[in-house]
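Okay, so here's the structure we're looking at.
There are 2 protein chains.
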Amino acid sequence: MTLPVDHSVLPDRRVRAGWTGSGGADATLPAHANRWLSAKTGLTARGTPVAPDSALAVAESGLPAPARAVLSAIVGAEHVLVEREDRLGRAGGLSYLDLLGRRGAGRPTVPDAVVCPGNRAEVQRVVEACAEHDVAVVPFGGGTSVVGGVAALRGGKAAVVVLDLARLDRLVSVDPVSRLAVFEAGVVAPEAERLLAAHGLTLGHFPQSYERATLGGFAATRSSGQASAGYGRFEDMVEGVRLATPRGEWRLGVSPASAAGPDLRHLVVGSEGAFGVITEVTLRVRPAPAWDRYEGFVLDGFAAGAAAVRTLAQGGALGTVTRLSDPRETEVALALADGWRPAALRAYLRARGVVEPCLLVVGWEGATRAEMLSRRRATRRALGPAVRLGVGPGNAWRAGRFAGPRQRDALLDAGMCVETLETATYWAGLDRLRAAVRGALLGSLTAPGRKPIVACHISHAYETGASLYFTVLVPRDAEDPVGQWQAAKQAACAAIAGLGTITHHHATGVDHAPYLPEEIGALGVDVLAAIKDRLDPRGVLNPGKLIAAPPPAPGPRPAR
Amino acid sequence: MTLPVDHSVLPDRRVRAGWTGSGGADATLPAHANRWLSAKTGLTARGTPVAPDSALAVAESGLPAPARAVLSAIVGAEHVLVEREDRLGRAGGLSYLDLLGRRGAGRPTVPDAVVCPGNRAEVQRVVEACAEHDVAVVPFGGGTSVVGGVAALRGGKAAVVVLDLARLDRLVSVDPVSRLAVFEAGVVAPEAERLLAAHGLTLGHFPQSYERATLGGFAATRSSGQASAGYGRFEDMVEGVRLATPRGEWRLGVSPASAAGPDLRHLVVGSEGAFGVITEVTLRVRPAPAWDRYEGFVLDGFAAGAAAVRTLAQGGALGTVTRLSDPRETEVALALADGWRPAALRAYLRARGVVEPCLLVVGWEGATRAEMLSRRRATRRALGPAVRLGVGPGNAWRAGRFAGPRQRDALLDAGMCVETLETATYWAGLDRLRAAVRGALLGSLTAPGRKPIVACHISHAYETGASLYFTVLVPRDAEDPVGQWQAAKQAACAAIAGLGTITHHHATGVDHAPYLPEEIGALGVDVLAAIKDRLDPRGVLNPGKLIAAPPPAPGPRPAR
């Protein structure tokens, strides 16, 4: 049974304003955090605010008049935006280098126009028109890519337009019996949750980009949320998908499982806009939990912590959220946090013989209190000797779970280089991978007067392995901030090669494309190219993403 | 950590003998079953034994001498088999039409030779040599395909060889920390379990083809086993894979999860030999359970039964095995069973007001008795009003869980047409799909003096939907037994189109290839063709499977 959705309750269609990476009012560092950073990293710079948009050099729109006329005929002239601010607002994503670009270092990739179709059919026609007029198309959801996935690259075409999916914002239908919901691709995650909540349902997908990212973007990038242990990765939720390609609409998904050849949904999920524009997704949904609870634990040393998370994952005892910080990240969390009492906590742990505290946050959910507590019991039983901190650290993590991007803005304002990267591998290789990446980042970023902090956590655990998520903090190199990070990223990627995946949930984009051949082989890249050739013969879709040139030679990488 | 495997305990490498579809000693029907079939279906024929191999017309091997010389140089002349019996032993799979072919109706597809490489490198060289010499290659594991997946079709090539993977029979390594095992592709399932048992591990994959099927075959066909509720589908177990293609080896899998573009493992899993030959699989394994228990329940009517299974699937309360028979299958099970007391059971159920008994078998496993019983408790709680039959029917199902193929042989001997087919869809559409397929089969197979039995069960349940597995029993048409089944199969496939997947776990092969465009779209077929062109530019790999001609016009289909 499919319930009709009352569209009268939906908000007006809107075109989201762009975001320039300015942190806004809630992005400030407490004074003790600034002092701590100075002591630990050698930070001396003070106050490097965002340049106003007007300070950025932006070329005039180069969209040829015939293409603009055709696009206007499809979506309406008011939905083809060529103003400077509209184009700047979709100039790339939210990587550190993107943010630097908006602070005057490097050049933002600014599209020639932003096209905002209002429905699936219009997306299809826009894609076909762009192919015909030799215009590159960059699909754009929330613009939260941290790997250059929405960089407005021309790829040798006459012009490049950003295809903003903001107006595809409807919940199309809900099937509560099969627990399926059909959404247009441009729905942002909080709106999806709001629409589902009216049916007592949840998607359960909460990545750090939650506040701005879209369902189509999650699918295009194989996103994974903080509650992946409870709800799975986004790819596990996608039951069906519609893709607008230059050769027509491709629709997939008729059954929860099938043996009718390869599962082609897994080609579309993760296709990063290079094969087509995802316009609609059919998603598995679940009843919204009535109860939840988050608690903190401490384990002594990362090896013991990882072993504990492995025990949980292999014993079916993971919480809905399960997140282990290494000693360095635990230290940073304590130092930068407001509201905790780090000194008292350290004393408490010392008294219990903990030498290298590793914070483990676990969250449980349940339809009933008993169900939630039963899950909590399973976790606590499996954890054994972990020190229990109760709900304080759990609730603190939860309160700040989406604050990372804003906190990063504040750190940028303070003069820091701050970026994250992530990988994953099988349990037996996890320690080696962590050591290799840490070593590469520390080696690359250490300089006279600059001591990098490299923190790490596990936030996605599987029976066979886990992810590793690294956060890097180091005073920004005033001379060459771009080169400083490019060299570090390159060192980290080289360290990952052969030991794990180049990305567990950030996608390939521009930044990881050179490392893809190492992971999927020359034949894998060749297969991707064959698929792209077939679906996008003129190569207008998201140029430079997913499939790219060979890896750069050692040394500083050219700006993209 | 990877433990070295002691290969001295492995059995001698062996080349499995072929199987001609003769049931053997354990395939007889009890007298009461014969009587029941006569009464219910109009069966009158008696005794139609298998023809001896010598009665079959088999052409001489047409393998050109240069190709034979090259293949002999690679694998050794003793591993290039051209004798009549060796070739007949790999002439197709185990579909009803395959079995009819060995009983003199229709023509078996007999390869020109059987090539038995001894390791990955030899498979690679065989594939490259066949591409060079324009020889079609049919990868062959256990030969249990029921969809023509191993039919030795030439596809316009000079000759066709079966590439028998029987000698790739090693457990390569075990990683107990990550719970991974690397196997060569030709290991048969019981041998895999035996090798893993030495490490206290299990794969947990038990399809009905278990006794003969291979791990590589499971991967190539997206197999799903009877314990899928507990262990997942085979595709969920494949962490890594090596594929021998005419363009070199393709190796995939570095991490439990990744966002590095599309998940290409899902292209290889389900590729049915059309993109390459799977030579090695890295599989997720689990500790072998110490405890298990199987019980029977009865629900009143299929709708109530399906709703109960849905409740279990959506509430996380499925057993490791969960299998619901519809009223007709329940009746057949009672009629054909030995050892049960059907009359007493019927009276017992009548006394409890059950009008349309549907048998539900649930099996639970656990590392401890308490764990197993806790799972059992969850199921029983969720089942509510189901009538409990205890361990009798559970153990009876378990004892016969792999007996289907042998029972089928006995029914064929008795003069019956007996075949199965399966599909899957979302819960909201399950009733409609079941009615459509039942109606199509009954309509096609009913004839003067012949009353078909169409039984159905759910054996794979997901949060969003379930599979439907149909078993057909009808007296064989003596004049045109092939046409009788082809018409019924065509009617069933037409009924499935638009309502569910053309196959939930039997794969595409030759039989379902014409219906694939309906399911994955013309663009999907085009993408598969593009991938095949790139990996197998000369088209020597398993011709006619997966990618095929458009669907046949209505009416009898030509023999393949």
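Sequences listed follow chains A and B, in order. No gaps in the numbering here: position 316 of the first sequence is 316 in our numbering, and each next residue is one more. No gaps in the numbering here: position 501 of the second sequence is 1061 in our numbering, and each next residue is one more. For every residue, glycine included, the Cβ atom is placed at its ideal position computed from N, Cα and C.
Can you pull the chain B neighbours of residue i, defined as C-beta to C-beta under 7 angstroms?
i, result
"residue 178 of chain A", "986, 987, 988, 1024, 1025"
"residue 500 of chain A", "814, 815"
In whole angstroms, what separates the C-alpha of residue i from that of residue j?
i, j, result
"residue 119 of chain A", "residue 164 of chain A", "11 angstroms"
"residue 559 of chain A", "residue 109 of chain A", "In this prediction, residue 559 of chain A has a pLDDT of 40, which is less than 50 and means its spatial position is unreliable; nothing more can be read from the coordinates."
"residue 282 of chain A", "residue 240 of chain A", "5 angstroms"
"residue 135 of chain A", "residue 213 of chain A", "25 angstroms"
"residue 1107 of chain B", "residue 1055 of chain B", "21 angstroms"
"residue 197 of chain A", "residue 288 of chain A", "7 angstroms"
"residue 665 of chain B", "residue 741 of chain B", "43 angstroms"
"residue 139 of chain A", "residue 85 of chain A", "18 angstroms"
"residue 425 of chain A", "residue 435 of chain A", "13 angstroms"
"residue 713 of chain B", "residue 1045 of chain B", "21 angstroms"
"residue 392 of chain A", "residue 399 of chain A", "11 angstroms"
"residue 167 of chain A", "residue 117 of chain A", "7 angstroms"
"residue 420 of chain A", "residue 201 of chain A", "32 angstroms"
"residue 906 of chain B", "residue 367 of chain A", "38 angstroms"
"residue 22 of chain A", "residue 91 of chain A", "Summary for residue 22 of chain A: the model assigns pLDDT 41, below 50, so the residue's position carries little reliability, and this model does not support an answer."
"residue 349 of chain A", "residue 386 of chain A", "11 angstroms"
"residue 279 of chain A", "residue 170 of chain A", "11 angstroms"
"residue 1122 of chain B", "residue 1042 of chain B", "With chain B running from 561 to 1120 in the structure shown, residue 1122 of chain B is simply not present."
"residue 95 of chain A", "residue 783 of chain B", "41 angstroms"
"residue 765 of chain B", "residue 1040 of chain B", "37 angstroms"
"residue 336 of chain A", "residue 31 of chain A", "9 angstroms"
Closer than 7 angstroms by beta-carbon distance: list the chain A residues that pair up with residue i, in chain order.
i, result
"residue 807 of chain B", "523"
"residue 816 of chain B", "424, 426, 462, 464, 465"
Does the distance from the C-beta atom of residue i to that of residue j stay below 7 angstroms?
i, j, result
"residue 830 of chain B", "residue 262 of chain A", "yes"
"residue 354 of chain A", "residue 296 of chain A", "no"
"residue 422 of chain A", "residue 506 of chain A", "yes"
"residue 211 of chain A", "residue 402 of chain A", "yes"
"residue 300 of chain A", "residue 456 of chain A", "no"
"residue 509 of chain A", "residue 225 of chain A", "no"
"residue 622 of chain B", "residue 711 of chain B", "no"
"residue 684 of chain B", "residue 832 of chain B", "no"
"residue 71 of chain A", "residue 114 of chain A", "no"
"residue 75 of chain A", "residue 132 of chain A", "no"
"residue 1033 of chain B", "residue 1018 of chain B", "no"
"residue 531 of chain A", "residue 1090 of chain B", "yes"
"residue 936 of chain B", "residue 924 of chain B", "yes"
What three-state label does DSSP hand residue i in the structure shown?
i, result
"residue 1062 of chain B", "coil"
"residue 279 of chain A", "strand"
"residue 826 of chain B", "helix"
"residue 714 of chain B", "coil"
"residue 751 of chain B", "helix"
"residue 548 of chain A", "coil"
"residue 857 of chain B", "strand"
Under 9 angstroms Cβ-Cβ, which residues of chain A neighbour residue i?
i, result
"residue 1044 of chain B", "The premise fails here: residue 1044 of chain B is roughly 25 angstroms from chain A at the closest Cβ pair, so nothing lies under 9 angstroms."
"residue 823 of chain B", "222, 235, 263, 266, 267, 269, 270"
"residue 775 of chain B", "Simply none; closest approach about 16 angstroms."
"residue 1052 of chain B", "Per Cβ cutoff of 9 angstroms: no residues; residue 1052 of chain B is ~15 angstroms from chain A at best."
My understanding is that residue i touches residue j, with C-beta atoms under 8 angstroms, so please give their C-beta distance in whole angstroms.
i, j, result
"residue 427 of chain A", "residue 465 of chain A", "5 angstroms"
"residue 101 of chain A", "residue 209 of chain A", "The Cβ separation is near 19 angstroms, so there is no contact."
"residue 872 of chain B", "residue 939 of chain B", "6 angstroms"
"residue 805 of chain B", "residue 778 of chain B", "Actually they are not in contact, since the Cβ atoms of residue 805 of chain B and residue 778 of chain B sit about 20 angstroms apart, beyond 8 angstroms."
Which chain A residues are close to residue i, counting only those with a beta carbon under 8 angstroms from its beta carbon?
i, result
"residue 1071 of chain B", "Per Cβ cutoff of 8 angstroms: no residues; residue 1071 of chain B is ~11 angstroms from chain A at best."
Find the residues of chain B that neighbour residue i, judging by a C-beta separation of less than 8 angstroms, and give them in chain order.
i, result
"residue 503 of chain A", "818, 819, 820"
"residue 530 of chain A", "1090, 1091, 1093, 1094"
"residue 251 of chain A", "1081"
"residue 508 of chain A", "819, 820, 821"
Taking Cβ-Cβ distances shorter than 9 angstroms, what residues in chain B pair up with residue i?
i, result
"residue 182 of chain A", "Under the 9 angstroms cutoff, chain B gives no residues; its nearest Cβ is about 12 angstroms from residue 182 of chain A."
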